[in-house]
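The sequence shown lines up with residues 212 to 392 when you count with the numbering used here. Accompanying notes for the structure given below.
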Amino acid sequence: AAAALADYQDILFVFLGDGEVKPQLEALVRELKLTNVSFIPSQPKRLIPNFITAADVGLMPVKRDSFFKMHLPNKLFDYMAAARPVIAAVPPGEAQMLVETANAGLIIPPEDEISLAAALLELRDDPEARQRYGVNGRSYVIEHYLRSHLAARLASALDSVLQEKRRGGPHEAKPRELPSA
Numbered sequence: 212a213a214a215a216l217a218d219y220q221d222i223l224f225v226f227l228g229d230g231e232v233k234p235q236l237e238a239l240v241r242e243l244k245l246t247n248v249s250f251i252p253s254q255p256k257r258l259i260p261n262f263i264t265a266a267d268v269g270l271m272p273v274k275r276d277s278f279f280k281m282h283l284p285n286k287l288f289d290y291m292a293a294a295r296p297v298i299a300a301v302p303p304g305e306a307q308m309l310v311e312t313a314n315a316g317l318i319i320p321p322e323d324e325i326s327l328a329a330a331l332l333e334l335r336d337d338p339e340a341r342q343r344y345g346v347n348g349r350s351y352v353i354e355h356y357l358r359s360h361l362a363a364r365l366a367s368a369l370d371s372v373l374q375e376k377r378r379g380g381p382h383e384a385k386p387r388e389l390p391s392a
């Protein structure tokens, strides 16, 4: 997508961290002579919110892989907590459902550069949508994923298990026998 958007002076792709694909990405950027891509080395966790809030959009591109159907990357929650709209290039699954349920951004097919470029331009040209998606994502994270809320839900689930145990259930099913012929 960076190559497709190379002529847009107001769009900069910033990669933060030293993930396993960083060397390949750096080589590709050099090969294509892209000037709209920047790499920042890994930073202490406490500084990550500063970088996220400096961005207009949080990108979450993943591979077209069944692993990502059930996976919710931390960066998704980081973007949403920072009130940043998300462009999630994800397969159908948990991340897609979270972004859609929270109305926190746009979903595009994984590994689709043209869709990513189009989604970036769509959000660039619609500041109200960026604001709305960001606020929606932050509100959703606060309502559903704050540690205090998660702890309360866990305590409630554990209490339900204990109550069930006190009532004598659930228990193993007893084997049945066939009636005599």
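Positions of the beta carbon are idealized from the N, C-alpha and C atoms, including for glycine. None of the values given here were measured: they were computed from a predicted structure.
Counting C-beta atoms within 10 angstroms of its own C-beta, Ile-319 has 16 or more neighbours from the protein chains shown and is therefore classed as buried. Leu-331 and Ala-217 have their C-alpha atoms roughly 13 Å apart. Beta-carbon to beta-carbon, Leu-309 and Leu-283 are separated by about 6 Å, close enough to satisfy the 8 Å threshold. Between the segment 294-307 and the segment 341-350 there are three or more C-beta pairs closer than 8 Å, enough to call the two in contact.
As for any alpha helix (DSSP H) of minimum length 4 sitting wholly inside the segment 219-294, the runs are 233-243, 259-265, 285-292, ordered along the chain. Of the candidates Pro-303, Val-301, Tyr-290, Tyr-290 places its Cα closest to the Cα of Ala-315. Look at Gly-304 here: in three-state DSSP terms it is coil, with no helix or strand label.
By the CB criterion at 8 Å, Val-273 and Val-240 fall outside the cutoff.
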